[in-house]
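Accompanying notes for the structure given below.
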Amino acid sequence: MAVTNPYQHYRQTQVSTSNGLTLVVLLYDGAITFIRKAKDAKANGQTEEMKRFAARAQDIVFELWATLDLDAGEVAGNLYRLYEYISDRLSAAMRGDDEALEDSMLILNGLREAWSGISGQTPGGVKDIE
Numbered sequence: 002m003a004v005t006n007p008y009q010h011y012r013q014t015q016v017s018t019s020n021g022l023t024l025v026v027l028l029y030d031g032a033i034t035f036i037r038k039a040k041d042a043k044a045n046g047q048t049e050e051m052k053r054f055a056a057r058a059q060d061i062v063f064e065l066w067a068t069l070d071l072d073a074g075e076v077a078g079n080l081y082r083l084y085e086y087i088s089d090r091l092s093a094a095m096r097g098d099d100e101a102l103e104d105s106m107l108i109l110n111g112l113r114e115a116w117s118g119i120s121g122q123t124p125g126g127v128k129d130i131e
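No gaps in the numbering here: position 111 of the sequence shown is 112 in the working numbering, and each next residue is one more.
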């Protein structure tokens, strides 16, 4: 499949050449970006658009959740509970909970910063994903 958007091509190349830790950071980036877009849509009264972006963030959280090796120890169990909580908060956002998007973003930002430090990346701004 040909990619015509240079940004999409860059992201595909970045994903295909990244190690596992970097991929986790990229997933956090994506979820955070979609939550930001959901917050913007909500602020503009675009409820359906907010739900769409919150659902996309939730899909990423589901992917992170699905890749956990629960036999790997306490950290995996803690991440499992965090991902479950974030998913629940994103569902609450789609039902109209005003604080749920911010709650989810705060946790994901903290996780992103931690994983970024582990992978040797500098925590910083998150680029938008289309």
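Backbone N, C-alpha and C define an ideal beta-carbon position, used for all residues, glycine too.
- Counting along the chain, alanine 44 sits inside the alpha helix (DSSP H) bounded by residues 21-44.
- If you draw a 10 Å sphere on the C-beta of valine 26, you find 16 or more other C-beta atoms in it, and that means buried.
- In this structure, methionine 106 lies near isoleucine 36, with their beta-carbon atoms less than 7 Å apart.
- No beta strand (DSSP E) of 3 residues or more sits fully in the region 42-120.
- Listed in chain order, the non-local C-beta contacts of alanine 101 below 6 Å within the same chain comprise Arg90, Ala93 and Ala94, local neighbours out to five positions each way being set aside.
- Per the coordinates, the alpha-carbon of tryptophan 66 lies some 11 Å from the alpha-carbon of tyrosine 86.
- A direct Cα-to-Cα measurement between phenylalanine 63 and alanine 73 gives close to 18 Å.
- For the pair tyrosine 29 and leucine 80, the CB atoms are not nearer than the 7 Å cut-off.
- The residue among Ile33, Glu114 and Thr68 with its C-alpha nearest the C-alpha of phenylalanine 54 is Ile33.
- Take leucine 71, set aside five residues on each side of it, and the residues of its chain with a beta-carbon closer than 7 Å to its own are Ala77, Gly78 and Tyr81, in chain order.
- About 4 Å separates the beta carbons of alanine 42 and glutamate 50, which is inside the 8 Å limit, making them a contact pair.
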